[in-house]
Structure formats: C-alpha cells, structure tokens
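> Everything in the sequence shown is counted per our numbering, starting at 80 for the first residue and increasing by one.
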Amino acid sequence: MSLPELQNNYFQLFDLTEKFALDQTQLGVRYRQLQKELHPDRYASGSAYEQRLAVQYSALINEAYATLRKALPRALYLLELAGISREDVSGQKVDGGFLMAQMDLREKLMLLDELVDPQAALEDLLADIDVDVNQLHEEFSRAYSVGELPAAASACVKLQYLEKLLLEAEQVESRLIDNQT
C-alpha cells in the first residue's frame with residue numbers, strides 16, 4: 080500500500096474552499112476520512128519510510144484540523160496564506176475605543192466576586208463577549224472575502240484580545256464553581 084501525495088494547504092487537504100466560514104460537519108467528516116485512510120497503523124507492515132511518512136501525514140492532518148476547527152486559528156491561517164504573518168497581525172494597532180471596552184470588560188471580570196450573584200453576572204459578561212466575537216467573525220469574513228487584508232488583520236487582532244478574555248473568564252468561572260462546593 081502506498082501513501083497518496085498530500086497537499087500542504089490545509090483547505091486543499093480537506094477539500095474545502097479557502098474561506099473563513101466553514102461547514103464544521105463537512106470538516107469533521109473529512110478529518111475522520113483522512114485519519115482512517117492515512118492512519119499509521121494501516122502502514123505498520125510497510126517500509127520504514129512509509130511508516131515514517133504515515134506518522135508525518137497523521138500529524139499534518141491533526142494540525143490542519145486543529146487550525147481549521149476554531150475561528151481564530153483559521154483566521155490567522157488565512158492571513159498567513161495571504162502573506163500576513165502572525166507577527167504582522169499582532170503588531171496591528173487597535174483603536175482606543177476597543178481598548179477601553181476591553182479594559183471595562185476586564186474590570187467587570189475582576190469585580191465579579193463582589194457581586195451578590197457573580198455567576199449570573201459572569202453569564203451576562205460571557206454573552207456580551209460572545210456578541211463581540213460574532214461581530215468580529217463577520218467583520219473578518221467580510222474583509223477577507225473582498226481582499227481588505229489590513230481590515231481582516233485588525234479584526235483578527237481584536238479576536239485575539241477577546242479569546243484571551245474568554246480564557247480569563249473560564250478561569251474565574253472555575254474559581255466560582257470551586258467556591259460553591
């Protein structure tokens with residue numbers, strides 16, 4: 080059994096159109112298909128070269144899936160394909176209004192413990208962040224699809240801020256749950 084030639088472009092690997100909005104079901108089906116087809120166990124009786132290649136293919140498939148499955152890594156990857164590095168994205172200037180809103184959200188997050196019902200306040204905060212994230216997904220998708228890469232990169236860097244805030248909120252939520260038990 081010989082291994083097929085694989086594409087290095089994650090979208091081509093999964094037979095998907097190179098765009099931000101993806102059909103997650105189609106992505107999952109193709110991932111399982113590729114894993115089944117190229118799993119290293121299928122090449123256990125092959126040559127040492129084929130076995131090594133199968134392991135590399137499996138790693139590539141896993142990396143591609145992890146990148147395409149989530150919005151922020153997918154957006155960063157699309158920008159990378161367009162010639163904009165992650166460093167370039169991180170170096171984008173963010174407008175003062177957005178930064179002020181981020182500071183306000185972080186302050187609300189830090190002050191949750193002082194509220195009568197911190198869990199409800201956290202849920203409200205998470206809902207607000209979710210709205211912002213969805214708006215930025217739309218902003219990125221729209222800008223990327225028409226080739227406005229600086230605007231897409233700007234939306235992407237804002238998504239990075241919100242993703243970090245969501246991680247912090249999850250930590251607060253874990254702490255609140257631990258305090259209840």
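The C-beta atom is built at its ideal place from N, Cα and C for all residues, glycine as well. None of these values were measured; they are calculated from a predicted model.
Spatial neighbours of Arg-109 within its chain, please: C-beta separation below 7 Å, excluding the five flanking residues on both sides.
Answer for Arg-109: Phe-93, Asp-94, listed in chain order.
> Express the C-alpha separation of Ser-253 and Glu-242 in angstroms, rounding to a whole number.
Cα to Cα, the separation comes out at about 17 Å.
> Would you tell me roughly how many angstroms separate the C-alpha atoms of Thr-96 and Asn-87, rounded to the nearest one?
If you take the alpha carbons of Thr-96 and Asn-87, they lie about 14 Å apart.
> Using 7 Å as the limit for Cβ to Cβ distance, is His-216 near chain C?
The chain labelled as chain C is not found in the depicted structure, where only one protein chain is given.
> Which of helix, strand or coil does DSSP assign to Ile-140?
The answer is helix: DSSP assigns Ile-140 an H, G or I state.
> Using C-beta distances below 7 Å, list every residue in its chain close to Gln-171, excluding the 5 sequence neighbours before and after it, in chain order.
The residues are Ala-232, Ser-233, Val-236.
> Any chance the CB of Glu-159 is under 6 Å from a heavy atom of the ligand ADP?
Because no ligand of any kind appears in the structure shown, any question about the ligand ADP cannot be addressed here.
> By how many angstroms is the C-alpha of Leu-215 removed from the C-alpha of Ile-208?
Cα to Cα, Ile-208 sits roughly 11 Å from Leu-215.
> If you draw a straight line from the C-alpha of Gln-181 to the C-alpha of Asp-192, how long is it?
Taking the straight line joining both Cα atoms gives about 19 Å.
> Are the CB atoms of Tyr-144 and Leu-117 nearer to each other than 7 Å?
No, these two residues do not count as a Cβ contact at 7 Å.
> Check each candidate in Val-210, Glu-159, Leu-184 and name the one with the smallest Cα separation from Lys-98.
The candidate whose alpha carbon is nearest that of Lys-98 is Glu-159.
> For Asp-203, tell me which candidate among Ala-222, Arg-121, Leu-245 has the shortest Cα-Cα distance.
Considering only alpha carbons, the answer is Leu-245.
> Which residues in the same chain have their Cβ closer than 7 Å to the Cβ of Ser-224, if we skip the five residues on either side of it in sequence?
Closer than 7 Å at the Cβ level, and outside the excluded window around Ser-224, lie Lys-98.
> Pick from Asp-183, Pro-229, Ala-100, Gln-259: whose alpha carbon is nearest that of Ser-164?
When each option's Cα is compared against that of Ser-164, the closest is Pro-229.
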